[in-house]
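Number of protein chains: 2
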Amino acid sequence: MSFRYPNGTLYHSVPNLKKKQTPKKSGFGKRGMSFEEEINQSNEYYLARGLAVIHKKPTPVQIVKVDYPQRSMAKITEAYFKTASTTDYNGVYQGKYIDFEAKETKNKTSFPFKNFHAHQITHMEQVLAQNGFCFVLLSFSSLSRIFLYPAEYLIHRYRKQEERKSIKLVDIENEGIEIIPAISPRIPYLQAIDEYFKNHEK
Amino acid sequence: MSFRYPNGTLYHSVPNLKKKQTPKKSGFGKRGMSFEEEINQSNEYYLARGLAVIHKKPTPVQIVKVDYPQRSMAKITEAYFKTASTTDYNGVYQGKYIDFEAKETKNKTSFPFKNFHAHQITHMEQVLAQNGFCFVLLSFSSLSRIFLYPAEYLIHRYRKQEERKSIKLVDIENEGIEIIPAISPRIPYLQAIDEYFKNHEK
Chain A
24 MSFRYPNGTL YHSVPNLKKK QTPKKSGFGK RGMSFEEEIN QSNEYYLARG
74 LAVIHKKPTP VQIVKVDYPQ RSMAKITEAY FKTASTTDYN GVYQGKYIDF
124 EAKETKNKTS FPFKNFHAHQ ITHMEQVLAQ NGFCFVLLSF SSLSRIFLYP
174 AEYLIHRYRK QEERKSIKLV DIENEGIEII PAISPRIPYL QAIDEYFKNH
224 EK
Chain B
24 MSFRYPNGTL YHSVPNLKKK QTPKKSGFGK RGMSFEEEIN QSNEYYLARG
74 LAVIHKKPTP VQIVKVDYPQ RSMAKITEAY FKTASTTDYN GVYQGKYIDF
124 EAKETKNKTS FPFKNFHAHQ ITHMEQVLAQ NGFCFVLLSF SSLSRIFLYP
174 AEYLIHRYRK QEERKSIKLV DIENEGIEII PAISPRIPYL QAIDEYFKNH
224 EK
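Residue numbers (my numbering), protein chains in the order written: chain A, 24 to 225; chain B, 24 to 225.
Dropping the structure here:
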């Protein structure tokens with residue numbers, strides 16, 4: 024069973040539900056995990072080793088009705104998905120505030136802006152203004168390629184949407200940092216963060 | 024209507040529900056807002072002025088069943104509250120990772136440890152190990168006094184619980200920073216953070 028937000032995007036975070044997964048070509052390190060599950064596994068890996076403290080935020084839900092079928096047991100019987108006002112992941116890595124969103128596309132040559140909400144872009148601007156490190160993890164699932172794409176480039180291109188409705192893969196290759204999936208962690212994005220700071224050190 | 028987690032603590036984040044609020048003596052700047060609402064108002068104040076980007080995390084909910092009474096409208100019909108694995112608030116302030124939990128007591132002379140979960144203490148240790156700034160906002164509601172109490176002191180005292188089951192107010196006065204409630208923001212905790220860093224600068 025797959026859930027959708029009112030805007031039609033898939034809701035992914037229901038770990039104990041059977042998900043109807045469309046079979047897909049498994050790339051290296053994939054083995055049936057969704058992109059989100061791979062990121063969560065990577066976060067757990069980093070947390071367990073004391074390398075970073077980065078968590079996915081819970082899915083925002085508007086609770087309307089709660090029953091108490093038993094004493095001290097609350098059962099939510101009416102609730103609705105809300106649109107998140109921030110990105111999905113944040114935390115701390117070596118004193119640095121880290122904030123990111125993960126998005127996937129089946130496109131092979133560009134990443135469509137329709138994957139991003141205006142309020143997420145606003146949130147990224149706010150984080151950059153506070154000198155946090157903000158980025159998106161972009162997965163080209165048909166190509167089995169993943170990139171860390173810094174928020175400053177995303178924002179700049181998003182704000183010029185009248186020119187084009189997507190970011191060309193070649194621009195992501197030039198401005199982002201490719202992440203090669205591995206076994207543990209599946210998506211070694213801290214390496215990409217290190218590389219970013221190496222290149223952007225003053 | 025008030026909801027409770029399985030452990031009996033009150034669930035506060037349902038803005039569009041009428042909450043049965045026990046009437047309480049209103050201190051300065053209180054005016055019927057709950058402690059959580061006051062913090063949220065402060066976060067919004069800071070966000071709107073570009074001073075900090077700090078959000079409350081959504082309440083974690085385990086979704087079991089979703090119906091589609093109408094096309095493109097998902098209605099959650101069975102879900103349960105989950106225990107949070109981290110603290111409730113985090114974000115970025117002038118490049119610094121900020122992480123905190125807010126707790127309230129009616130006690131007048133000490134703050135009981137039963138307000139904290141072991142996993143939250145663990146999370147605070149993980150944050151400190153990554154050089155994030157972590158603290159608790161402690162509200163003595165009967166005294167109308169609020170403190171920023173740094174996580175390093177909380178963890179130290181929590182780990183010695185066999186000695187005593189609470190933190191004495193006098194220790195919180197000595198080790199924490201008192202926050203005087205105001206109108207906007209209600210709880211000016213950024214000032215307390217500034218003071219902490221002024222005192223702890225190397």
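We treat Cβ as the ideally placed atom computed from N, Cα and C, and that holds for glycine.
Computed from a prediction, not measured in an experiment: that's the story for all the values here.
Residue environment for serine 65 of chain A: buried (at least 16 other C-beta atoms within 10 angstroms of its C-beta). Taking 7 angstroms as the threshold, the shortest C-beta distance from glutamine 149 of chain A to chain B falls below it.
Flagged as an interface residue toward chain B: valine 115 of chain A, by a C-beta distance shorter than 7 angstroms. When beta bridges are read from the DSSP output, proline 135 of chain A appears opposite A:Ser189. Around the beta carbon of proline 92 of chain A, a 10 Å sphere encloses fewer than 16 other beta carbons of the protein chains shown; the residue is thus reported as exposed. With distances taken between CA atoms, lysine 88 of chain B lies nearest to A:Ile99 out of A:Ser95, A:Ile99, A:Pro204, A:Lys88. Here DSSP, grouped into helix, strand and coil, assigns serine 162 of chain A to strand. Threonine 132 of chain B and tyrosine 176 of chain B have their C-alpha atoms spaced approximately 17 angstroms apart. Sequence-distant Cβ neighbours of lysine 188 of chain A in its own chain, meaning closer than 7 angstroms and more than five residues away, are Pro135, Phe136.
Under the three-state reduction of DSSP, glutamine 184 of chain A is assigned to coil, being neither helix nor strand. Per DSSP, reduced to three states, the secondary structure at alanine 97 of chain A is strand. Alanine 141 of chain A does not reach chain B, its nearest Cβ partner there being about 16 angstroms away, counting only Cβ pairs nearer than 9 angstroms. The C-alpha of lysine 191 of chain A lies about 33 angstroms from the C-alpha of arginine 94 of chain B.
For the stretch 70-85 of chain A, residues whose beta-carbon sits nearer than 8 angstroms to a beta-carbon of chain B comprise Leu70, Gly73, Ala75, Val76, His78, Lys80, Pro81, Thr82, Pro83, Val84, Gln85. Taking 3 residues as the shortest admissible run, the stretch 50-132 of chain B contains the following complete beta strand (DSSP E) segments, listed from N- to C-terminal end: 76-79, 84-93, 96-104, 112-116, 119-128. Classified as exposed, threonine 145 of chain B has fewer than 16 neighbouring CB atoms from the shown chains inside 10 Å of its CB. For tyrosine 103 of chain B, the C-beta contacts it makes with chain A under 9 angstroms involve Met96, Ala97, Lys98, Ile99, in order along the chain. DSSP links leucine 171 of chain B through a beta bridge to B:Leu160, B:Ile200. In the DSSP assignment, alanine 152 of chain B falls within the alpha helix (DSSP H) that extends over 141-152. Closest option to alanine 97 of chain A, judged by alpha-carbon separation, among A:Ile86, A:Tyr172, A:Val193, A:Phe139: A:Ile86. Alanine 174 of chain A sits away from glycine 73 of chain B, with the two beta carbons spaced by 7 angstroms or more. By the neighbour-count definition (other C-beta atoms within 10 Å, threshold 16), phenylalanine 104 of chain B is a buried residue. Glutamate 127 of chain B has its alpha-carbon roughly 17 angstroms from the corresponding atom of alanine 107 of chain B. The beta-carbon distance between tyrosine 219 of chain A and isoleucine 200 of chain A, rounded to whole angstroms, is 6 angstroms. This is short enough to meet the 8 angstroms contact definition.
Per DSSP, reduced to three states, the secondary structure at glutamate 218 of chain A is helical. The C-beta distance from leucine 160 of chain A to isoleucine 62 of chain A rounds to 7 angstroms, short enough to fall under 8 angstroms. For threonine 106 of chain B, no CB of chain A lies under 7 angstroms from its own CB, so it is not counted at the interface with that chain. Contact of alanine 205 of chain B with chain A by beta-carbon distance below 7 angstroms is absent, the smallest such distance being about 22 angstroms. Secondary structure at isoleucine 206 of chain B: coil, using DSSP grouped into helix, strand and coil. For glycine 118 of chain B, the neighbours in chain A by C-beta distance under 8 angstroms run, in chain order, Lys119, Tyr120, Gln153, Asn154, Gly155. Interface with chain A (7 angstroms Cβ-Cβ cutoff): threonine 109 of chain B is included. Only buried fits aspartate 122 of chain A, as 16 or more other CB atoms lie within 10 angstroms of its CB. CA-to-CA, the gap between alanine 205 of chain A and serine 167 of chain A works out to about 12 angstroms. Between phenylalanine 158 of chain B and lysine 119 of chain B, the CB-CB gap reaches or exceeds 7 angstroms.
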